[in-house]
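For the sequence shown, this note's numbering assigns the number 29 to the initial residue and increments by one for each residue that follows.
Glycine included, C-beta positions come from ideal geometry on N, C-alpha and C.
What follows is a short report on a single structure.
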Amino acid sequence: MFKNRKDAGEKLAKALERYRTENPLVLAIPRGGVEVGLQVSRRLGVDFSLIIVRKLPFPDNPEAGFGAIAEDGSTFILDNAGYWLARETIEQIKQEQIAEIERRVNALRGGNPLPEITGRTVILVDDGIAMGSTMRAAIELCRARKAGKVVVAAPVAGKEIAETIAEEANELIVLDMLINFRTVAQAYENWYDVSDEEVLDLLRARISEKEVNYHSAKD
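If you want it as structure tokens, here you go:
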């Protein structure tokens, strides 16, 4: 069990040390994956950004999803989603999440595009992998943009979904792979939902830290 996301990120970073020489790009999935990803990028001393992906929730049970969509439109949908929902309903939910993605790109990334991915090693980071839909949509985006290597990294994941994702990514790094896995929260002593403002505070702190390090190096 991890104390919090910072603790999880520090431990995950150690497991990713071997990628340092590949000059990877760390892409964290907001909101929960941001602090974890920042710890990874800090320890490895590599580029960091956010990749915006949204779960496609069931209308009558928003906590559960039938897929996910990434900011470039890359989509993962469960094969049997069509049995549960009409095509029009699925499209409506996709449009709602596209609007939320646009809001988050503006709010959390200042409207800036993703860094260049082509040919790079990309490390996709989240605070845990439960259903795996958002991570699979993120992998689709990286493939569409011709990433050189896609590494999926998370502190915790369910064993079954981890095995599925391992087939889609080039490499998978998971610290705790659990058989009886229900929610990501069960792996953390201190778990809470992260707000946009908390994400921005983390990003501001990272920018300030890099500026201090830059000036110290010049001095």
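Original post:
Which whole-angstrom value describes the C-beta separation of Val-153 and Cys-170, a residue pair presumed to lie in contact below a C-beta threshold of 8 Å?
Top reply: Indexing the sequence shown from 1 puts residue 153 at position 125. Indexing the sequence shown from 1 puts residue 170 at position 142. So it is not a contact: roughly 13 Å between Cβ atoms.
Original post:
Looking only at its own chain, which residues have a Cβ that is under 7 Å from the Cβ of Asn-198, when we skip the five neighbours before and after it?
Top reply: As a working note, residue 198 is residue 170 in the sequence shown. Cβ within range, chain order: Lys-177, Val-178, Val-179.
Subject >> Beta-carbon separation (whole angstroms), Met-159 vs Gly-73, contact threshold 8 Å >> reply: By 1-based counting over the sequence shown, the position of residue 159 is 131. By 1-based counting over the sequence shown, the position of residue 73 is 45. Not quite, the Cβ-Cβ distance comes to about 32 Å (not below 8 Å), so this is no contact.
Subject >> Integer Cβ distance of Asp-155 from Gly-95, believed to fall under 8 Å >> reply: For the purposes of this step, residue 155 is identified with residue 127 of the sequence shown, where counting begins at 1. For the purposes of this step, residue 95 is identified with residue 67 of the sequence shown, where counting begins at 1. Going by Cβ atoms, the distance from Asp-155 to Gly-95 rounds to 20 Å, so no, they are not a contact pair.
Original post:
If you run the structure through DSSP and keep just helix, strand and coil, what is Lys-174?
Top reply: Here residue 174 refers to the residue found at position 146 when the sequence shown is read from its first residue. DSSP places Lys-174 in coil when its eight states are reduced to three.
Original post:
How big is the Cα-Cα spacing for Arg-148 and Ala-175?
Top reply: Here residue 148 corresponds to residue number 120 of the sequence shown, with the count starting at 1. Here residue 175 corresponds to residue number 147 of the sequence shown, with the count starting at 1. Distance between the alpha carbons of Arg-148 and Ala-175: 5 Å.
**OP:** Please determine, among Lys-42, Thr-49, Glu-50, Gly-37, the residue with the shortest C-alpha to C-alpha distance to Ala-56.
**Re:** The residue labelled residue 56 in the question sits at position 28 within the sequence shown. With distances taken between Cα atoms, Ala-56 lies closest to Gly-37.
**OP:** Express the C-alpha separation of Arg-48 and Glu-63 in angstroms, rounding to a whole number.
**Re:** Here residue 63 is taken as the residue at index 35 of the sequence shown, counted from 1. Here residue 48 is taken as the residue at index 20 of the sequence shown, counted from 1. C-alpha separation (whole angstroms): 19 Å.
Original post:
Nearest to Thr-259 by CA position, among Glu-130, Ile-97, Leu-84, is which residue?
Top reply: One cannot answer for residue 259 here, as it falls past the ends of the chain, which runs 29 to 247.
Subject >> Given Val-212 as reference, the closest of Pro-183, Met-163, Leu-106, Thr-146 once Cα atoms are compared >> reply: As a first step, residue 212 is located in the sequence shown; it is residue number 184 there, counting from the start. The option with the nearest alpha carbon to Val-212 is Pro-183.
Original post:
Cβ of Val-150 less than 8 Å from any chain D Cβ?
Top reply: Note that chain D does not occur in the displayed structure, where there is just one protein chain.
Subject >> Sequence-distant residues of the same chain with beta carbon closer than 7 Å to Lys-34, five excluded per side >> reply: Within the sequence shown, numbered from 1, the residue matching residue 34 stands at position 6. Closer than 7 Å at the Cβ level, and outside the excluded window around Lys-34, lie Glu-63, Gln-67.
Original post:
So what's Val-74 in DSSP terms, helix, strand or just coil?
Top reply: Working through the sequence shown from its first residue, we reach residue 74 at position 46. Correct three-state label for Val-74: coil.
Subject >> DSSP-derived helix/strand/coil call for Lys-42 >> reply: Walking along the sequence shown from the start, residue 42 turns up at place 14. Correct three-state label for Lys-42: helix.
Original post:
Going by Cα to Cα distance, which pick from Ile-126, Ala-127, Glu-45, Ala-135 is closest to Leu-231?
Top reply: On the sequence shown, position 203 is the one that residue 231 refers to. Ranking Ile-126, Ala-127, Glu-45, Ala-135 by Cα distance to Leu-231 puts Ala-135 first.
**OP:** Could you give the DSSP three-state label for Leu-231: helix, strand or coil?
**Re:** Against the sequence shown, residue 231 aligns to sequence position 203. Correct three-state label for Leu-231: helix.
**OP:** Use the C-beta contact count for Gln-125: other C-beta atoms within 10 angstroms, 16 or more gives buried, fewer gives exposed.
**Re:** Indexing the sequence shown from 1 puts residue 125 at position 97. Gln-125 comes out buried.
Subject >> Buried versus exposed, by CB contacts within 10 Å (16 or more), Thr-162 >> reply: Along the sequence shown, read from residue 1 onward, the residue named residue 162 stands at position 134. By the neighbour-count rule (16 or more Cβ atoms within 10 Å), Thr-162 is buried.
Original post:
Does the beta-carbon distance from Gly-186 to Ile-157 come in below 8 Å?
Top reply: Against the sequence shown, residue 186 aligns to sequence position 158. Against the sequence shown, residue 157 aligns to sequence position 129. For Gly-186 and Ile-157, yes; Cβs fall inside 8 Å.
**OP:** Go to Thr-117, then tell me how far its alpha helix (DSSP H) extends in each direction, as first and last residue.
**Re:** Residue 117 sits at position 89 when you count from the first residue of the sequence shown. From DSSP, the alpha helix (DSSP H) with Thr-117 extends over 115-137.
Original post:
For Ile-80, which three-state DSSP category applies?
Top reply: The residue you call residue 80 lines up with position 52 of the sequence shown. Coil at Ile-80, not helix or strand.
**OP:** Would you mind listing the beta strand (DSSP E) stretches within the region 141-175 that are 3+ residues and don't spill past its ends, in chain order?
**Re:** 149-153
Subject >> Rounded Cβ spacing between Leu-80 and Arg-132 (contact assumed at less than 8 Å) >> reply: Locating residue 80 in the sequence shown gives position 52, counting from the first residue. Locating residue 132 in the sequence shown gives position 104, counting from the first residue. Correcting the residue identity first, residue 80 is Ile in this sequence and not Leu. That pair is a contact at about 5 Å.
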